[in-house]
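Chains as they are written, first to last, in the working numbering: chain A, 96 to 441; chain B, 96 to 441.
Number of protein chains: 2
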Amino acid sequence: MKPTRATLADVARLAGVSLGSASRALSVPDQVKPQTLANVQRAVEQLGYVRNGAAQALASRKTHTVAAIYPTLNNPIYADSIQALQQTLWGYGYQLLIASHEYKPARELEVLRAILERGVDGLVLVGTDHPPEVFELTRQYDLPYVLTWSVDETQYPHCVGFSNFEAAYALARRIVGFGHRRVAMCGGSTFGNERVRARQAGTRAALREAGLDLRPEWIVEAPFTFEGGRQALRELWDGEARPSVVICGTDLQAIGLLDECRAKRIRVPEDLSVTGFDDIEQARLTQPPLTTVRVPSLEIGTRAARHLMALIDGKDGDDEIVLDAPVVERGTLAKPADLRRSAREQ
Amino acid sequence: MKPTRATLADVARLAGVSLGSASRALSVPDQVKPQTLANVQRAVEQLGYVRNGAAQALASRKTHTVAAIYPTLNNPIYADSIQALQQTLWGYGYQLLIASHEYKPARELEVLRAILERGVDGLVLVGTDHPPEVFELTRQYDLPYVLTWSVDETQYPHCVGFSNFEAAYALARRIVGFGHRRVAMCGGSTFGNERVRARQAGTRAALREAGLDLRPEWIVEAPFTFEGGRQALRELWDGEARPSVVICGTDLQAIGLLDECRAKRIRVPEDLSVTGFDDIEQARLTQPPLTTVRVPSLEIGTRAARHLMALIDGKDGDDEIVLDAPVVERGTLAKPADLRRSAREQ
DNA sequence: CTGAAAGCGCTAACAC
DNA sequence: GTGTTAGCGCTTTCAG
Chain A
96 MKPTRATLAD VARLAGVSLG SASRALSVPD QVKPQTLANV QRAVEQLGYV RNGAAQALAS
156 RKTHTVAAIY PTLNNPIYAD SIQALQQTLW GYGYQLLIAS HEYKPARELE VLRAILERGV
216 DGLVLVGTDH PPEVFELTRQ YDLPYVLTWS VDETQYPHCV GFSNFEAAYA LARRIVGFGH
276 RRVAMCGGST FGNERVRARQ AGTRAALREA GLDLRPEWIV EAPFTFEGGR QALRELWDGE
336 ARPSVVICGT DLQAIGLLDE CRAKRIRVPE DLSVTGFDDI EQARLTQPPL TTVRVPSLEI
396 GTRAARHLMA LIDGKDGDDE IVLDAPVVER GTLAKPADLR RSAREQ
Chain B
96 MKPTRATLAD VARLAGVSLG SASRALSVPD QVKPQTLANV QRAVEQLGYV RNGAAQALAS
156 RKTHTVAAIY PTLNNPIYAD SIQALQQTLW GYGYQLLIAS HEYKPARELE VLRAILERGV
216 DGLVLVGTDH PPEVFELTRQ YDLPYVLTWS VDETQYPHCV GFSNFEAAYA LARRIVGFGH
276 RRVAMCGGST FGNERVRARQ AGTRAALREA GLDLRPEWIV EAPFTFEGGR QALRELWDGE
336 ARPSVVICGT DLQAIGLLDE CRAKRIRVPE DLSVTGFDDI EQARLTQPPL TTVRVPSLEI
396 GTRAARHLMA LIDGKDGDDE IVLDAPVVER GTLAKPADLR RSAREQ
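See the structure below:
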């Protein structure tokens with residue numbers, strides 16, 4: 096029965112060295128004589144000693160913990176990224192504190208405050224658009240941070256992500272290339288979310304080149320969930336005119352929308368084309384498989400971790416990591432019905 | 096420009112009170128005169144003061160952080176639970192440190208050590224089967240913990256979960272009730288995983304009642320992923336004899352298996368019945384929708400959080416929370432082909 | 001209800 | 001290389 100945990104002082108005493116040496120043996124082992132190192136290690140072993148993180152943090156002002164604030168954990172794309180982040184961080188001896196704000200900027204700020212109070216050495220945020228107070232706090236606390244997922248609408252050098260504008264642009268070009276002219280978008284709120292804005296902008300740009308525009312009634316705002324997709328389809332389908340394609344903001348929405356199509360006996364892609372965004376694993380399991388944009392979520396996690404580690408080490412590292420987010424064509428995007436017909440007629 | 100963060104001493108000075116009073120004003124506001132409280136609050140405001148968590152932790156031996164170690168984050172069921180856990184904890188002023196061990200017991204131990212070093216006030220673990228060192232450490236550190244997901248194979252009172260045995264038993268009864276006699280299981284490794292064992296046992300119990308048994312070659316061990324399910328089907332289908340139903344350990348596997356069925360033109364449930372476990376959202380999106388067992392993952396998260404808070408507060412609380420995990424029948428489980436035929440013949 | 005003072009366990013100069 | 005010695009910023013007795 097151990098009444099109280101062993102401290103470094105106990106270790107030092109048992110090893111017959113000073114407190115300082117014991118401390119060094121643990122944190123900078125190559126700055127002590129092999130002999131003392133061995134003694135200390137033996138003592139540690141014997142006592143089952145484990146460092147007290149709080150004390151270490153207080154004295155060294157390093158917590159060996161970083162925090163990541165995600166919009167939600169309910170999207171596999173973020174889960175994947177967290178997984179990668181966590182694994183990589185682990186390799187550096189860092190722990191991960193995670194939180195989510197459910198797409199509410201105010202909530203994000205609260206969460207950040209709580210995290211700051213607990214103390215972390217670095218921060219990972221998703222997206223570039225955050226309440227100004229967020230940036231003030233990171234500055235005030237001198238907290239290194241990396242922005243992930245997006246490189247849109249920002250000057251900040253430490254971003255690990257892709258251009259949502261370009262990705263959406265490329266996808267829309269593809270869509271236009273198939274001959275679609277009645278294009279709808281099912282996205283989330285643009286509030287505090289530059290990804291949604293950038294994608295809208297990218298889509299618009301491609302449409303404009305083809306002489307098209309996005310009709311306001313065909314831009315529907317729905318939650319980034321299966322249910323959101325279902326809702327969106329209902330809204331779109333009950334409208335005056337019907338689009339020939341709907342561009343979804345996430346695969347989750349697209350999958351839900353596809354399911355609603357099935358319920359309503361709308362054939363995809365014959366009656367309606369659908370595209371997603373993220374390329375989650377399920378995207379290839381729909382019937383037909385979903386045409387989408389592949390977001391390198393694992394790589395974002397891994398590189399964000401590495402980049403943050405570099406920042407924390409004071410190595411200002413390379414700037415902005417722009418990853419690729421290619422369109423992956425599968426079965427839900429095809430020529431619109433009217434064109435098929437005319438093609439056949441020729 | 097703030098060269099250095101304000102400390103409680105600064106606050107006290109500005110407020111014209113002692114360090115002690117300032118401290119109390121923050122942590123036990125009703126033990127100070129309203130006047131001093133107000134002074135302190137004003138000072139805090141003015142200085143933009145934020146507590147230093149490390150110092151607080153060191154002095155009070157409370158970190159206001161709890162850790163949760165999950166098998167993986169790559170299963171929506173865990174993501175959901177984490178979400179609920181995190182939200183609930185947040186309401187109590189606690190942060191969540193998360194980690195995963197990818198179904199490797201040794202890894203879990205390492206992770207726990209790192210977490211212990213960092214310091215947490217409580218711990219959430221998934222399952223009841225962990226390396227003995229895990230339990231030794233929690234004891235040695237006097238760390239309150241709750242075991243989730245399962246109440247099988249354990250004496251430990253602080254569990255929040257369901258009986259995997261019962262759930263599997265109920266499902267198997269249902270399967271047997273449909274007339275299946277050639278039953279296969281696609282599960283994960285039983286190593287360090289009592290859930291898998293309990294489910295096998297429950298399944299066996301139900302089969303035995305019907306005079307059946309599980310043929311060893313029909314127990315396939317595959318990763319808990321889409322791909323795992325695909326693999327399992329291939330293995331099972333290429334074998335000497337073919338089962339009439341396969342019971343999957345997770346919906347992820349079941350969905351992958353279903354997809355492989357489609358690829359191989361195996362009709363479900365005509366040629367083969369399939370069941371899942373978890374009832375993730377996608378389970379109702381397969382074609383036909385998946386018959387599965389509904390695991391109350393959100394509730395597990397919420398109640399685990401509450402229970403842990405009680406433990407931390409020294410309220411030993413109520414014991415073992417046994418939740419319900421009902422079978423949800425959808426379309427992938429039906430009578431086996433031979434019975435259908437004979438039914439028709441009659 | 002408040003102030004003073006003693007640590008919490010560790011790191012980081014600083015001399016030796 | 002190693003020992004000594006200040007703190008890190010806060011909580012918590014203990015008197016008053």
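Glycine included, each C-beta is placed from N, C-alpha and C at the ideal position.
Keep in mind the model is a prediction, meaning the values are calculated, not measured.
inquiry  = Given a cut-off of 7 Å on the beta-carbon distance, is the pair Thr320 of chain A and Thr386 of chain A in contact?
reply    = no
query = How about Pro421 of chain B and His275 of chain B: are their beta carbons less than 7 Å apart?
reply = no
Local conformation of Glu316 of chain A per DSSP, three classes = Strand at Glu316 of chain A.
Continuous beta strand (DSSP E) stretch holding Ser368 of chain B: start and end = Ser368 to Thr370
Endpoints, beta strand (DSSP E) assigned at Ile164 of chain A = Thr160 to Tyr165
task = For Gln441 of chain B, name the three-state secondary structure that DSSP assigns.
result = Low per-residue confidence applies at Gln441 of chain B: pLDDT is 47, beneath 50, and the placement is therefore not dependable, though the value from the model is reported in the following sentence. Coil at Gln441 of chain B, not helix or strand.
task = Hey, could you find the ends of the alpha helix (DSSP H) Ile172 of chain A is sitting in?
result = Pro171 to Gly186
request  = Taking C-beta pairs closer than 7 Å, name the residues in chain A that Thr160 of chain B reaches, listed in chain order.
outcome  = Arg213
key: Identity of the residue in B:Leu328, B:Tyr236 and B:Glu289 nearest Leu242 of chain B by Cα   = Selection B:Leu328, B:Tyr236 and B:Glu289 evaluated against Leu242 of chain B yields B:Glu289 as nearest (Cα-Cα).
query = Helix, strand or coil: which one does DSSP assign to Ile395 of chain A?
reply = It is helical.
key: Assigned exposure category for Asp374 of chain A - 16 Cβ within 10 Å defines buried   = In the assembly as shown, Asp374 of chain A is a buried residue. Its beta-carbon has 16 or more other beta-carbons within 10 Å.
ask   = Under three-state DSSP, which class holds Arg276 of chain A?
value = coil
task = Return yes when the Cβ of Thr370 of chain A is within less than 7 Å of the Cβ of Ile342 of chain A, no when it is not.
result = yes
task = Would you list, in chain order, the members of the region 353-374 of chain B that have their beta-carbon closer than 7 Å to a beta-carbon of chain A?
result = Taking 7 Å as the Cβ-Cβ cut-off, the region 353-374 of chain B approaches chain A at Asp354, given in chain order.
inquiry  = Quick check on DSSP: helix, strand or coil for Val139 of chain A?
reply    = Looking at Val139 of chain A - three-state DSSP - the assignment turns out to be helix.
query = For the beta strand (DSSP E) that contains Gln190 of chain B, what are its first and last residues?
reply = Gln190 to Ser195
query = Looking at Ala179 of chain B and Gly396 of chain B, is the spacing between their C-beta atoms short of 7 Å?
reply = yes
query = Within this structure, are the beta carbons of Tyr187 of chain A and Met404 of chain A separated by less than 7 Å?
reply = yes
Where Ile375 of chain B sits in the DSSP three-state scheme = coil
key: Straight-line gap, Gly297 of chain B to Arg303 of chain B (C-alpha atoms, nearest Å)   = 10 Å
task = For Ala174 of chain A, decide whether its Cβ has a neighbour in chain B, counting only Cβ atoms nearer than 7 Å.
result = yes
request  = Use the C-beta contact count for Thr99 of chain B: other C-beta atoms within 10 angstroms, 16 or more gives buried, fewer gives exposed.
outcome  = exposed
key: Residue range of the unbroken beta strand (DSSP E) whose run includes Val241 of chain A   = Val241 of chain A -> beta strand (DSSP E) spans Tyr240 to Ser245.
key: For Thr387 of chain B: DSSP bridge partner residues   = B:Val423
ask   = What are the partner residues of Phe257 of chain A, as DSSP defines its beta bridges?
value = Beta-bridge pairing links Phe257 of chain A to A:Ser245.
inquiry  = To the nearest angstrom, how far is the alpha carbon of Glu330 of chain A from that of Val363 of chain A?
reply    = 17 Å
task = Give the DSSP-derived three-state secondary structure of Gly323 of chain B in the structure shown.
result = helix
key: C-beta neighbour in chain B for Glu442 of chain A, strict 7 Å   = Absent from the structure is residue 442 of chain A, since the part of chain A shown begins at 96 and ends at 441.
key: Met96 of chain B at chain A interface by Cβ criterion, 7 Å   = Residue confidence is low: Met96 of chain B scores 41 on pLDDT, short of 50, so the model does not pin down where it sits. No coordinate-derived value is stated.
key: Where Gly282 of chain B falls: helix, strand or coil (DSSP)   = The answer is strand: DSSP assigns Gly282 of chain B an E or B state.
query = Can you give the Cα-Cα distance for Val423 of chain B and Ile172 of chain B, rounded to whole angstroms?
reply = 16 Å
message = Which residue marks the beginning of the beta strand (DSSP E) containing Val340 of chain A, and which one marks its end?
response = It spans Val340 to Cys343 - the beta strand (DSSP E) in which Val340 of chain A sits, taken as one unbroken run.
key: From B:Tyr240, B:Glu140 and B:Arg310, residue whose alpha carbon lies closest to that of Pro474 of chain B   = A query on residue 474 of chain B cannot be resolved here, the shown segment of chain B reaching from 96 to 441 and no further.
message = Between Cys254 of chain B and Ile407 of chain B, how many whole angstroms is the CB-CB distance? I'm expecting something under 8 Å.
response = Rounded, the Cβ-Cβ distance is 17 Å, inconsistent with contact.
key: Same chain only: Cβ atoms within 6 Å of Val139 of chain B, ignoring 5 sequence neighbours per side   = Val106
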